[in-house]
Amino acid sequence: MSLPTTSWITWLQKEKKLSPLTVQVYNRVLTQFLSFTQAHLGEEIQLSHLKDLKSKDFRAWMTDLLSAQEQTKSSVTRAVSVIRSFFLFLDQENLVHNPLARNLRAPRREQSLPRALSQEDTRTLLSHASDLVTEEWVGKRDQAFFTLLYGCGLRINEALTLNQGDIPPPNGMLRVQGKGNKERVVPFLPLVWQRIQEYLAICPFLKSHEQPLFYGQQGKRLNVSVAERAITLLRRSLGLPETATPHALRHSFATHLLEENADLRTIQELLGHASLSTTQRYTKINRKKLQQVYKNSHPRA
Numbered sequence: 306m307s308l309p310t311t312s313w314i315t316w317l318q319k320e321k322k323l324s325p326l327t328v329q330v331y332n333r334v335l336t337q338f339l340s341f342t343q344a345h346l347g348e349e350i351q352l353s354h355l356k357d358l359k360s361k362d363f364r365a366w367m368t369d370l371l372s373a374q375e376q377t378k379s380s381v382t383r384a385v386s387v388i389r390s391f392f393l394f395l396d397q398e399n400l401v402h403n404p405l406a407r408n409l410r411a412p413r414r415e416q417s418l419p420r421a422l423s424q425e426d427t428r429t430l431l432s433h434a435s436d437l438v439t440e441e442w443v444g445k446r447d448q449a450f451f452t453l454l455y456g457c458g459l460r461i462n463e464a465l466t467l468n469q470g471d472i473p474p475p476n477g478m479l480r481v482q483g484k485g486n487k488e489r490v491v492p493f494l495p496l497v498w499q500r501i502q503e504y505l506a507i508c509p510f511l512k513s514h515e516q517p518l519f520y521g522q523q524g525k526r527l528n529v530s531v532a533e534r535a536i537t538l539l540r541r542s543l544g545l546p547e548t549a550t551p552h553a554l555r556h557s558f559a560t561h562l563l564e565e566n567a568d569l570r571t572i573q574e575l576l577g578h579a580s581l582s583t584t585q586r587y588t589k590i591n592r593k594k595l596q597q598v599y600k601n602s603h604p605r606a
């Protein structure tokens, strides 16, 4: 019997209500898992193989993931979650029952602190975001996109799924579909609105409420890899740290609010964190900064 990957994807979309971008990531992880497992076992994968997979087989897959240069323990954790989801679906459909897969856990990892940019580095990045591209509209797009991530504290996928009709007036409230399809509202700063209007004014593609807010150069919705590549080139050109990524702009949003004495509950709401403990990681950054200032400044330190 062939593997029900298409049915699983439909289940993710309709039952789990995952965003199209998240479904793409899940599909990519499953494809990699099945490809590795087939090579590992030395024969074409059938449902019977998935039922008989042992702990050592799953460990071999995770080890292979960790040995890939671009993979981190965090990405392995996400991949493990995807595979658990696939086996949960198989179990619910009475196709495969494998308790080992249902209880699969990634290697334990230390909880890393969010890596924020300084306020000065953030200003530098946003003011020069359009410098490296030859097409003016692409430069304006990048500047608008990065300003939105920082100005509203959005995850990269949250920004990429916005349509033009989602944009409120300046000082309005932006509605965002976050993780688990949960909606939150965040203040929409006039500067963010201005950067988006400058971009849309010269964007060569269709202007309509139902159309993507951010376009790629082929006239389709901008994708994650293009946005990440743009900021990689920019940070290297400006001599910014390697931690200057799209997601670091969201971390910077939270960290800079905390530095300006915003309370944790407000930051939690703005970020869309389900748990306050997730937001409290930013207080550790501030304590670390205070200790460094003390060490550098106190005459007895």
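Be aware that the sequence shown starts at 306, since it is given in my numbering, and climbs by one per residue. Where a beta carbon is used, it is the ideal one built from N, C-alpha and C, also for glycine. Just so it is clear, the structure is predicted and the values come from calculations on it, not from any experiment.
Exercise. Fully enclosed by the region 487-569, which alpha helix (DSSP H) runs are 4 residues long or longer?
Worked result: Segments of the alpha helix (DSSP H) lying fully in the region 487-569: 495-507, 529-543 and 551-564.
Exercise. Just how far apart, CA to CA, sit Glu533 and Leu308?
Worked result: Residue mapping note: residue 533 aligns to position 228 of the sequence shown, counting from 1. Residue mapping note: residue 308 aligns to position 3 of the sequence shown, counting from 1. Going from the Cα of Glu533 to the Cα of Leu308 covers about 33 angstroms.
Exercise. From what residue to what residue does the alpha helix (DSSP H) around Val334 run?
Worked result: Sequence index remark: in the sequence shown, residue 334 carries index 29 (1-based). First-last of the alpha helix (DSSP H) with Val334: Pro325 to Leu346.
Exercise. Where does Asn462 fall in DSSP's three states?
Worked result: Locating residue 462 in the sequence shown gives position 157, where the first residue counts as 1. Three-state result, Asn462: helix.
Exercise. Which same chain residues, not among the five before or five after Leu595, have their C-beta less than 7 angstroms away from its C-beta?
Worked result: Locating residue 595 in the sequence shown gives position 290, counting from the first residue. Because Leu595 carries a pLDDT of 47, less than 50, the predicted location of this residue cannot be relied on, and no value is offered for it.
Exercise. Which stretch, first to last residue, makes up the alpha helix (DSSP H) that contains Arg446?
Worked result: In the sequence shown, the residue the question calls residue 446 occupies position 141. Where Arg446 is concerned, the enclosing alpha helix (DSSP H) stretches over Glu441 to Cys457.
Problem set entry | DSSP three-state assignment for Gln482, whether helix, strand or coil | Within the sequence shown, numbered from 1, the residue matching residue 482 stands at position 177. In the three-state reduction of the DSSP assignment, Gln482 falls in the strand class, which pools E and B.
Exercise. Taking the C-alpha atoms as reference points, what is the distance between Leu554 and Thr584?
Worked result: Locating residue 554 in the sequence shown gives position 249, counting from the first residue. Locating residue 584 in the sequence shown gives position 279, counting from the first residue. The alpha-carbon atoms of Leu554 and Thr584 are separated by roughly 15 angstroms.
Problem set entry | Nearest-angstrom Cα separation, counted from Asn486 out to Met478 | Counting from 1 along the sequence shown, the entry for residue 478 is found at position 173. Counting from 1 along the sequence shown, the entry for residue 486 is found at position 181. In this model, Met478 and Asn486 are separated by some 18 angstroms (Cα to Cα).
For this session: Have a look at Ile507 and Trp442 and give me their C-alpha separation to the nearest angstrom.
Result: By 1-based counting over the sequence shown, the position of residue 507 is 202. By 1-based counting over the sequence shown, the position of residue 442 is 137. The C-alpha of Trp442 is placed about 6 angstroms away from the C-alpha of Ile507.
For this session: To the nearest angstrom, report how far apart Leu393 and Val529 are at their CA atoms.
Result: Position 88 of the sequence shown holds residue 393. Position 224 of the sequence shown holds residue 529. If you draw a straight line from the Cα of Leu393 to the Cα of Val529, it is about 28 angstroms long.
For this session: Less than 8 angstroms between the CB atoms is what I'm expecting for Lys512 and Gln469, so what's the real figure, rounded?
Result: The residue labelled residue 512 in the question sits at position 207 within the sequence shown. The residue labelled residue 469 in the question sits at position 164 within the sequence shown. Under the criterion of beta carbons closer than 8 angstroms, Lys512 and Gln469 qualify as touching, at roughly 7 angstroms.
Problem set entry | Alpha-carbon spacing of Asn408 relative to Leu370, whole angstroms | To locate residue 408, count along the sequence shown from 1; it is residue 103. To locate residue 370, count along the sequence shown from 1; it is residue 65. Distance between the alpha carbons of Asn408 and Leu370: 19 angstroms.
Exercise. Do the region 534-550 and the region 418-437 meet, that is, are 3 or more Cβ pairs less than 8 angstroms apart?
Worked result: Three or more beta-carbon pairs separated by less than 8 angstroms link the region 534-550 to the region 418-437, which places the two stretches in contact.
For this session: Determine contact between the region 379-388 and the region 349-362, defined as no fewer than three beta-carbon pairs at a distance below 8 angstroms.
Result: Output reads no: the region 349-362 does not touch the region 379-388.
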